[in-house]
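Worksheet for the structure shown next.
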Amino acid sequence: MDRAVLGFRVIMAFFVFVIIGLFLDFPLFGTPIMVSVKEAQAVIGRPLTPGSVGGVRRRTRRRTRRRWAIGTRMYTLPAAYTTVVYTGTTYYVIEGEYFKKYYEGNKVVYVVVDAPNKTATDKADDQTQPASKETAEQKLLELKDIYDKGLIDKEEYEAKKKEILDSM
Amino acid sequence: MVRIKKWFFCGLCLLLMSAPALSGAQEEESSIDPQAETILRQMSAYLGGFQQFTFHIENSVDTLLPCNQKLQLLRAVDMFVKRPNRLRANIDGDEVSQELYYDGKSITLYGKDANIYASLDAPPTIDAAMDYAIESYGLVAPMVDLIYEDSYEILTGDVQSGSYVGLSKVFGVECHHLAFQEAQTDWQIWIENSKTPLPRKIVITDKWVAGAPQLTAFLNNWDSSTPIKESIFSFEAPDTVEKIEFLPAEKIATFD
Numbered sequence: 003m004d005r006a007v008l009g010f011r012v013i014m015a016f017f018v019f020v021i022i023g024l025f026l027d028f029p030l031f032g033t034p035i036m037v038s039v040k041e042a043q044a045v046i047g048r049p050l051t052p053g054s055v056g057g058v059r060r061r062t063r064r065r066t067r068r069r070w071a072i073g074t075r076m077y078t079l080p081a082a083y084t085t086v087v088y089t090g091t092t093y094y095v096i097e098g099e100y101f102k103k104y105y106e107g108n109k110v111v112y113v114v115v116d117a118p119n120k121t122a123t124d125k126a127d128d129q130t131q132p133a134s135k136e137t138a139e140q141k142l143l144e145l146k147d148i149y150d151k152g153l154i155d156k157e158e159y160e161a162k163k164k165e166i167l168d169s170m
Numbered sequence: 725m726v727r728i729k730k731w732f733f734c735g736l737c738l739l740l741m742s743a744p745a746l747s748g749a750q751e752e753e754s755s756i757d758p759q760a761e762t763i764l765r766q767m768s769a770y771l772g773g774f775q776q777f778t779f780h781i782e783n784s785v786d787t788l789l790p791c792n793q794k795l796q797l798l799r800a801v802d803m804f805v806k807r808p809n810r811l812r813a814n815i816d817g818d819e820v821s822q823e824l825y826y827d828g829k830s831i832t833l834y835g836k837d838a839n840i841y842a843s844l845d846a847p848p849t850i851d852a853a854m855d856y857a858i859e860s861y862g863l864v865a866p867m868v869d870l871i872y873e874d875s876y877e878i879l880t881g882d883v884q885s886g887s888y889v890g891l892s893k894v895f896g897v898e899c900h901h902l903a904f905q906e907a908q909t910d911w912q913i914w915i916e917n918s919k920t921p922l923p924r925k926i927v928i929t930d931k932w933v934a935g936a937p938q939l940t941a942f943l944n945n946w947d948s949s950t951p952i953k954e955s956i957f958s959f960e961a962p963d964t965v966e967k968i969e970f971l972p973a974e975k976i977a978t979f980d
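Just so you know, the protein sequences line up as chains H and B, in that order.
Here the first sequence stands for residues 3 to 170, where the numbers follow this note's numbering.
Here the second sequence stands for residues 725 to 980, where the numbers follow this note's numbering.
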């Protein structure tokens, strides 16, 4: 066989290999090759569709917990709703989820939020802990400030400081 | 024959591999035709020199429905601007009926149809307040580019090229027609050919978005002399209106 012909065949074989590689979607020499055909054919939610099994699992898990993730934004409410007014704010309730109206630029948008009473207790819990620490620190700083300005003497300063520290 | 084929094949192969590298090597530069620049600067200086002005906007915005049908939404806006720190816009159109207030301290958007309003504290000048509203909340006043004191700077910030198209008439008023190109948008402006170089029409095209939606605005009833009542710049919430919040603009990652 002629060497030129052999060389040509080798090159042709290489290209056939590359083209088959493209269709089979396996990484050739580590290069990621994107094939969109496969994605388009995947039927989301149908079991055993290549590549979507994980997605289905995540979806079902999320669905059992909540329909819409907190922070989801919608420009129109997705279904029939009831309204609840909590401390002057209107909430739109759909299947147990609370939506609240916001302005996103000039557009009205509905955002999924925590249920209003839950939010209130959460906030209270969040605030009690750091609030007391903050006040102790603030008190000490304030006390130091008063002392530095010469409004109280050293004895008074030390006594008060001890009192604050003891209360922590 | 086979030999030629082989080298041709190898050459083609090399060319294909190097194609992405070649296409990335183009350089971008901004070039604005001197005549277009002069006219746009004249307009900018003229608008920037006003102590106060009012004008009316008739605009149409293309909207693409999920089924790919293009619809045009109409909107009429009355703008009232008093430098350095008062602004009011009445926006009335399809699916929207809003009033925008800026009184030097806060910006308020009042949705008349939805019976809601939201306020935010804002910097003490129109330019700074508009920057703040856009950057922090994505809140854009109608035709905001023309309200800045140096509108030339704002309009041409991202321009790659600008050209002078020719003379054209907008509702019977003779205008210079200018066209500009940016990476994402093309825009055109028609500026009155007279001692009062006012913008009469603006078209903005989102050229890479499917369907290339456009905003077309006609600007008329320009008035810089009739005094504007101070009361129209401050918002007083009606009793039944509900106060809501502005969502902060989504942060865009930057690398500097």
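All C-beta atoms in this analysis are idealised placements derived from N, C-alpha and C, irrespective of residue type, glycine included.
With a threshold of 8 Å between beta-carbons, can residue i be considered close to chain D, or not?
i: residue 813 (chain B); result: Of the chains in the structure shown, none is chain D; the protein chains are H and B.
Which one or two residues does DSSP pair with residue i in a beta bridge?
i: residue 93 (chain H); result: H:86, H:102
i: residue 799 (chain B); result: B:783, B:817
i: residue 80 (chain H); result: BP columns for residue 80 (chain H) are empty, so no partner.
i: residue 835 (chain B); result: B:822, B:840
i: residue 804 (chain B); result: B:778, B:812
i: residue 167 (chain H); result: BP columns for residue 167 (chain H) are empty, so no partner.
i: residue 890 (chain B); result: B:901
i: residue 845 (chain B); result: B:830
i: residue 115 (chain H); result: H:100
Quick one: does residue i have its CB under 8 Å from some CB of chain B?
i: residue 45 (chain H); result: Note that residue 45 (chain H) scores 37 on pLDDT, short of 50, meaning its location in the model is unreliable; the coordinates nonetheless yield the value given after this. Output row for residue 45 (chain H): interface = no.
i: residue 124 (chain H); result: Bear in mind that the predicted position of residue 124 (chain H) carries a pLDDT of just 47, short of 50, making it unreliable; the figure below should be weighed with that in mind. No, residue 124 (chain H) does not count as interfacial toward chain B.
i: residue 78 (chain H); result: no
i: residue 110 (chain H); result: yes
i: residue 99 (chain H); result: no
i: residue 94 (chain H); result: no
i: residue 88 (chain H); result: no
i: residue 104 (chain H); result: yes
Using a beta-carbon distance below 8 Å, is residue i in contact with chain H?
i: residue 838 (chain B); result: yes
i: residue 798 (chain B); result: no
i: residue 871 (chain B); result: no
i: residue 834 (chain B); result: no
i: residue 969 (chain B); result: yes
i: residue 862 (chain B); result: yes
i: residue 966 (chain B); result: yes
i: residue 842 (chain B); result: yes
i: residue 818 (chain B); result: no
i: residue 822 (chain B); result: yes
i: residue 748 (chain B); result: Only weak support exists for where residue 748 (chain B) lies, its pLDDT of 45 falling under 50; the value from the coordinates is given anyway. No, residue 748 (chain B) does not count as interfacial toward chain H.
i: residue 961 (chain B); result: no
Taking residue i as the reference, give the member of the options with the closest Cα.
i: residue 894 (chain B); options: B:848, B:913, B:843, B:859; result: B:913
i: residue 787 (chain B); options: B:955, B:960, B:819, B:953; result: B:819
i: residue 909 (chain B); options: B:879, B:892, B:896, B:919; result: B:879
i: residue 801 (chain B); options: B:853, B:811, B:838; result: B:811
i: residue 164 (chain H); options: H:90, H:146, H:151; result: H:146
i: residue 756 (chain B); options: B:856, B:904, B:899; result: B:904
i: residue 770 (chain B); options: B:919, B:957, B:955, B:952; result: B:919
i: residue 793 (chain B); options: B:889, B:808, B:934, B:966; result: B:934
i: residue 952 (chain B); options: B:760, B:813, B:764; result: B:813
i: residue 142 (chain H); options: H:152, H:96, H:80, H:160; result: H:160
i: residue 906 (chain B); options: B:777, B:886, B:968, B:795; result: B:886
i: residue 954 (chain B); options: B:780, B:761, B:799, B:807; result: B:807
i: residue 795 (chain B); options: B:883, B:760, B:936; result: B:936
i: residue 852 (chain B); options: B:836, B:872, B:838, B:842; result: B:872
i: residue 816 (chain B); options: H:90, H:4, H:108, H:98; result: H:108
i: residue 138 (chain H); options: H:106, H:168, H:98, H:83; result: H:168
Under three-state DSSP, which class holds residue i?
i: residue 919 (chain B); result: coil
i: residue 943 (chain B); result: strand
i: residue 2 (chain H); result: Residue 2 (chain H) cannot be examined here, being either before or after the span of chain H that is shown, 3 to 170.
i: residue 872 (chain B); result: coil
i: residue 928 (chain B); result: strand
i: residue 910 (chain B); result: strand
i: residue 53 (chain H); result: Low confidence applies to residue 53 (chain H): its pLDDT is 43, below 50, so where it sits in the model is not reliable enough to give any reading.
i: residue 12 (chain H); result: helix
i: residue 898 (chain B); result: strand
i: residue 877 (chain B); result: helix
i: residue 766 (chain B); result: helix
i: residue 860 (chain B); result: helix
i: residue 933 (chain B); result: coil
i: residue 789 (chain B); result: coil
i: residue 146 (chain H); result: helix
Under 7 Å from any heavy atom of the ligand PLP, does the C-beta of residue i make it?
i: residue 7 (chain H); result: The model depicted lacks the ligand PLP and carries no ligand whatsoever.
Segment contact flag, the stretch 862-871 of chain B with the stretch 809-825 of chain B, C-beta cutoff 8 Å, min 3 pairs = yes
inquiry  = Would the stretch 943-955 of chain B count as touching the stretch 919-929 of chain B if we require 3 or more Cβ pairs under 8 Å?
reply    = yes
ask   = Is there contact here, the stretch 104-122 of chain H with the stretch 69-82 of chain H, by at least three beta-carbon pairs under 8 Å?
value = yes
message = If contact is defined by three or more beta carbon pairs under 8 Å, each pair taking one atom from either stretch, is the stretch 931-944 of chain B in contact with the stretch 781-798 of chain B?
response = yes
message = Check whether the stretch 826-842 of chain B and the stretch 949-967 of chain B are in contact - that is, three or more C-beta pairs closer than 8 Å.
response = yes
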